[in-house]
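When we follow full-length UniProt numbering, the leftmost residue of the sequence shown carries the number 1, and every step to the right adds one.
Here's the structure we're looking at; comments come further down.
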Amino acid sequence: MSVEMLLPEVKPGIGMWSCRLTVVEKHNVRTAKNSPMKFMHFILMDVAGNKVQAAAFQGDIAVIDQRLALHSTYLISNAFVKPATDLRYCVDLNYQFVWTFTRRTLIQDVTPEDAIDCALLLEAGTKPFRDFYDCHLRNEKISALAAVVQKLPRAFIVTDGHQKPAWDIVLINEECIPVPLTLWEDFVTSHGTEIERLLEEGDHPLVLIERVVVNLFQGLTLATRFDTRLELNPTGERALLLKKC
């Protein structure tokens, strides 16, 4: 019988383990840079807020993608665990391992009583706007919860003679402090167009953003990265309070 563990206890070589995790992110299927191999990344979180990045490859992608629902909780066993060779792929520096899911990975549903409330844990990891400058000095990626109040006119930026989609939106927090956020390239189509539609309808959507960078060129601004996560209208107590502001 397997022993249920928190993420920091799950390491290569241990046997008969299981970990209760909720799915907080599902990325798009991508192709490796130097080969035709396809892969899909998932970010999972345990009840203590520890996170791990897992990957499914090739023919296992469709099976794992269908099995794992966003924000659902599972008891997972028999994943392949290995040290992260590149810390850029560590979503939690306190757990420097990555997982691989295959068809043999055991993924079990849990009862509603054992489900992890990821909204509360994700909100707890956000930074107040007043800390953004210090985060920049430490070269630290940040997470934040905010409301979108405006889309600025810029639609693209020219670099090396090529146009790249770049939309600017203005965020505010509970203190009504404004901070611009630049949505780069894929984020324009995946999230920007929906944000624009909601603003045109008179709504001010909430956004939970993770792993964005702070820039100080012409004032303090935020910008998305290749690994940024952006969730529209998240749930949770803080989100509900911000929506009422």
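Don't be surprised by glycine CBs; every beta carbon is placed ideally from N, CA and C.
The alpha-carbon of Val148 is positioned some 28 Å away from that of Asn50. Taking C-beta atoms under 8 Å as the contact rule, Ser77 and Ser35 fail to qualify, at a distance of about 29 Å. For Tyr133, the uninterrupted alpha helix (DSSP H) run begins and ends at Phe132 to Leu137, by DSSP. Three or more pairs of CB atoms, one per stretch, sit closer than 8 Å, so the stretch 93–107 contacts the stretch 3–19. Beta-bridge partners assigned by DSSP to Thr22: Met45 and Thr73.
In this model, Ala115 and Ala79 are separated by some 20 Å (Cα to Cα). Ala56 places its beta carbon 7 Å or farther from that of Met45. Between Leu75 and Gln53, the CB-CB gap reaches or exceeds 7 Å. Positions of the alpha helix (DSSP H) runs, each at least 4 residues long and wholly inside the stretch 184–220, are given as 193–200 in order along the chain.
Of all alpha-carbon atoms in Gln150, Pro128 and His136, the one lying nearest the alpha-carbon of Gly202 is that of Gln150. Within the same chain, Ala56 and Phe101 come within 6 Å of Ile64 by CB-CB distance, once the 5 residues on both sides are set aside. Per the coordinates, the alpha-carbon of Thr126 lies some 35 Å from the alpha-carbon of Gly15.
Rounded to the nearest whole angstrom, the C-alpha separation of Ala166 and Arg88 is 24 Å.
In this chain, the alpha helix (DSSP H) harbouring Arg67 covers Ile61 to Arg67. Residues Ile107 of the same chain have their beta carbon placed closer than 6 Å to that of Arg67, with the five preceding and five following residues left out of the count. Scanning the stretch 73–110 from its first residue to its last, no whole alpha helix (DSSP H) run of 4-plus residues comes out.
For Lys164, the uninterrupted beta strand (DSSP E) run begins and ends at His162 to Ile172, by DSSP. The stretch 205–221 makes contact with the stretch 131–140: 3 or more CB pairs, one atom from each, lie closer than 8 Å. For Ala56, no alpha helix (DSSP H) segment is defined; the enclosing uninterrupted segment is the beta strand (DSSP E) at Lys51 to Phe57. The C-alpha of Phe156 is placed about 14 Å away from the C-alpha of Thr224.
Between Lys141 and Arg229, the C-beta gap is not smaller than 7 Å, which leaves the two residues out of contact. Judged by their CB atoms, Val23 and Ser72 are nearer to each other than the 7 Å cut-off.
Rounded to whole angstroms, the Cβ separation of Leu206 and Asn233 is 5 Å, and the two are in contact under 8 Å. In the structure shown, Phe156 falls within a strand segment according to DSSP collapsed to helix, strand and coil. Per DSSP, the unbroken alpha helix (DSSP H) holding Arg238 starts and ends at Glu237 to Lys244. Straight across, the Cα-Cα distance linking Glu113 with Ala119 is about 16 Å.
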